[in-house]
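Structure first, then comments.
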Amino acid sequence: MTEILDGLRLSRLGDDDLELLLLVRHFELKLLELYGRGDLNGTTHTCLGQEYVPVALRPLLGEGDHVFSNHRGHGHYLSRFRDPHGLLAEIMGREGAVCGGVGGSQHIHRDRYLSTGVQGESMPVAAGVALHLKRAEPGAIACVYIGDGTWGEGAVYEALNLAALWRLPLLVVVENNGIAQSTPTTSQMAGTVAGRAAAFGIRHHLVVSTDVNDIRLSLEPLVAEVREGRPLVVEFVTHRLGPHSKGDDVRPAGAVQAARDNDWYGRYAHDHPEQFHRLDGMVKAQVQGIADEVAARPLSRREESCA
Amino acid sequence: MRVAENLNAALHGLLDDDPTAYMLGEDILDPYGGAFKVTKGLSTRFPGRVIGTPISEGALTGVAAGLALTGNTAVAEIMFGDFVALAFDQLCNFASKSVSMYGRRLPLRMVVRCPTGGGRGYGPTHSQSLQKHFVGMPGLSLYEMSPFHDNRAVFASMLERGEPCVFFEDKVLYTRQMDLVDPLFQVSGDDDLAVVELHDADDYPDCVIIAPGGMAHRALAAMRSLLVEQEISCRLLVPSRLYPLDVEKLMPFLGDVVLVAEESTAGGTWGSEVAHLLHDRLWDRLRRPVRLVHSRAEVIPTAAHLESQVLVGESTIHHAVREALRG
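Taken in sequence, the protein lines are chains A and B. In terms of UniProt numbering, the first sequence opens at residue 1 and continues consecutively. In terms of UniProt numbering, the second sequence opens at residue 1 and continues consecutively.
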């Protein structure tokens, strides 16, 4: 597949899209750097290599749509709100944190965006939200990001059953990066995501491209159908460049290299060098500035009612 | 009025008054109306908001949370409370956490109803009292149905809290009458705490029994036999909310001998939590530590003669009170 992708040129993006992609990339790299220096508490899960998924979906989801994210959700949040300050403050426990520093990297709630740290748990909740939307705000959808590993959870199947049965406006976005923490998908999943969706009579759409424009074009009519009450599973074949959390990558060098070969970052730099280099350094510097500014803030405070 | 009818009327009232209220569960639709007939008539009157679900306790609890998250009121029925184990993740890691883990209060109007307890020969996996497994979860309140608490008021209290609640309904109560006690006793108290004692009772009875609603009739039967046979006077306190327990509310009614009776099997019980709260406040006043009465640390058998050996009955409480007073 690497060879096929190498032969494909990524189409040119608007500066806005490229800046967002780069923002997520440099944000995640910055986090790993901060962790490496011992500046952050706890753990984090970066979406390095997968940034294009939420960026591609961004214009397809409106403010009225609910988004459910997971443990690897920084890209989802940044694509929705472009709020690196609030997210970094949340992760660092500083003033201006989206959730007062209580939730941290994997428990974020803002407007119609919510992430949780337990695999599969958000699927039935999203089904409930979709049920509400179908009745109270027809045309709006609930979008849930899950991974390939999430398909080990029974909650996924209970929710898919409800989604099909009740014709819910539920969009399930599967970021299949081929590895669940340290376990290759081939060692943890029998059959396929497509086969599992088919078992419920739910449409499945496979995305192998990393070309944001192509992805949008192919998904636009499908997402429109979700709004009519036809649930959909979109499976992105993607690549996790970094470790599961930090310093815990036990993959063979070849697997990591394959992920790097597929990385949109290097490929886009190759295909559109002028635009890429114009923006890349700028965004990197912005993220550096944000990190410095947020780190200097006072510690976050949570509301009394949450103590 | 039977307790099940009172509960059914409470649910009708809730759906009637609150246009955002939903009821979800397995086999709750008419004409079946739920395994214990508690939801009878609801789906006929409110067809769009009473939703029969597949056998998916985790998912139906998650759906209830999703409805609550979007501003609705959601009541979920778990057919047998034992099956709430399948919804533990949704309650422990999602619904209760969501109230406060996002840094600001996120109100969720959500009740999970759990028909609970034994005494009906349903066997080990359909007879348990699982209250203790939910004690101590921030953002989750536990209530128990009682013959002395109007269910409409209890539901109003639960929903007012703006956090997920689990409502335990002892199955043996469904066919009992509301507010009916032996003529020896009178019931007083309020929406939170029912106090049952002898007419013209002394300020200080020999023993105070604290029990959730499902244990009330067995406690009252024991109180009757203790009085008639032993001239021992007891006062029964039945709190509507088990957790967090409003212990200050109990304080004026307590004496120097206190017993907590519940149907849970032994080990890590609600009663031990209550005892701890009381020891902190009452240690100097108590004649002896709070006495705990609970079922044996065994599975609950199906055969009636075996089941009654394991579960707390009237005689268990009777003997425990006598021992407590001897000590």
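Think of the CB as a built atom: it goes at the ideal place given N, C-alpha and C, for glycine as much as any other residue. Everything numeric in this text was worked out from a predicted model, so none of it was measured.
| Item | Value |
| --- | --- |
| Please report how far the alpha carbon of B:Ser157 lies from the alpha carbon of B:Arg241, in whole angstroms. | 9 Å |
| Does the ligand COA have a heavy atom nearer than 8 Å to the CB of B:Met101? | Judged by which ligands are present, the structure shown has none, so any question about the ligand COA falls away. |
| Express the C-alpha separation of A:Leu57 and A:Asp65 in angstroms, rounding to a whole number. | 12 Å |
| Within 9 Å of any Cβ in chain A, is that where the Cβ of B:Phe94 sits? | yes |
| Going along chain A in order, which residues have a C-beta closer than 7 Å to the C-beta of B:Met101? | Val102, Gly103, His107 |
| Considering only residues of the same chain and omitting the five flanking positions on each side of A:Glu63, which have a CB-CB separation below 6 Å? | none |
| B:Phe155 and B:Val111: beta carbons closer than 9 Å? | yes |
| Beta-carbon within less than 6 Å of B:Thr125's beta-carbon, same chain only, minus the 5 sequence neighbours each way: which residues are those? | Asp82 |
| Can you list, in chain order, the residues of its chain with a C-beta nearer than 6 Å to that of B:Leu236? Leave out the 5 residues immediately preceding and following it. | Val196, Ile209, Ala219 |
| Under the rule that 16 or more other beta-carbon atoms within 10 Å means buried, what is B:Met1, buried or exposed? | exposed |
| With 16 other CB atoms within 10 Å as the buried threshold, where does B:Asn8 fall? | buried |
| Closer than 8 Å by beta-carbon distance: list the chain A residues that pair up with B:Leu42, in chain order. | Simply none; closest approach about 17 Å. |
| Within 10 angstroms of the Cβ of A:Asp280, are there 16 or more other Cβ atoms? Answer buried if so, exposed if not. | buried |
| Out of curiosity, what's the CA-to-CA distance linking A:Ala291 and A:His85? | 8 Å |
| Please decide whether A:Ser69 counts as near chain B, where near means a Cβ-Cβ distance under 9 Å. | no |
| If you check the beta carbons only, do B:Pro212 and B:Val238 fall under 9 Å apart? | yes |
| To the nearest angstrom, how far is it from the Cα of A:Ser115 to the Cα of B:Leu108? | 16 Å |
| Kindly say whether A:Thr44, judged by its beta-carbon, lies nearer than 9 Å to any beta-carbon of chain B. | no |
| Using beta carbons (cut-off 9 Å, strictly below), is B:Val260 in contact with chain A? | no |
| For B:Val111 and chain A, any beta-carbon pair shorter than 9 Å? | no |
| Flag this pair as yes or no: are the beta carbons of B:Lys131 and B:Ser315 separated by less than 9 Å? | Note that residue 131 of chain B corresponds to Gln in the displayed sequence, not to Lys. It is not a contact, given that the beta carbons lie outside the stated cut-off. |
| So, is B:Thr53 buried or exposed, given that buried needs 16 or more other C-beta atoms within 10 angstroms? | buried |
| Thinking C-alpha only, which one of A:Lys246, A:Ala142, A:Asp211 is nearest A:Gly42? | A:Lys246 |
| Who are B:Thr265's beta bridge partners in DSSP? | B:Ser295 |
| Give every residue of the same chain whose Cβ lies closer than 6 Å to the Cβ of B:Met79, excluding the five residues on either side of it in the sequence, and list them in chain order. | Glu26, Ala35 |
| With DSSP run on the structure shown, which of helix, strand or coil describes A:Ala180? | strand |
| By a C-beta neighbour count over all protein chains shown, 10 Å radius and 16 as the cutoff for buried, is B:Asp16 buried or exposed? | exposed |
| Given a threshold of 16 other Cβ atoms within 10 Å of its Cβ, counted over all protein chains shown, does B:Glu273 qualify as buried or as exposed? | buried |
| Select from B:Val172, B:Glu77, B:Leu245 the residue whose C-alpha is nearest the C-alpha of B:Val135. | B:Leu245 |
| Using only alpha-carbon positions, find the residue among A:Tyr145, A:Ile141, A:Arg278 that is nearest to A:Leu168. | A:Ile141 |
| Helix, strand or coil, according to DSSP, for B:Ala10 in the structure here? | helix |
| Enumerated in chain order, which unbroken segments of the beta strand (DSSP E) with a length of 3 residues or greater are wholly contained in the stretch 240-288 of chain B? | 241-243, 258-265 |
| To which residues does DSSP link B:Met178 through a beta bridge? | Answer is none; B:Met178 lacks a bridge partner. |
| Between the Cα of A:Val174 and those of A:Val24, A:Leu299, A:Gln50, spot the shortest distance and give me the residue it belongs to. | A:Gln50 |
| With a threshold of 6 Å on Cβ separation, who are the neighbours of A:Arg110 within its own chain once the five nearest residues in sequence on each side are excluded? | Val98 |
| Less than 7 Å between C-beta atoms, sequence neighbours within five positions excluded: which residues of the same chain meet that for B:Ala324? | Cys207, Val257, Leu259, Arg288, Arg291 |
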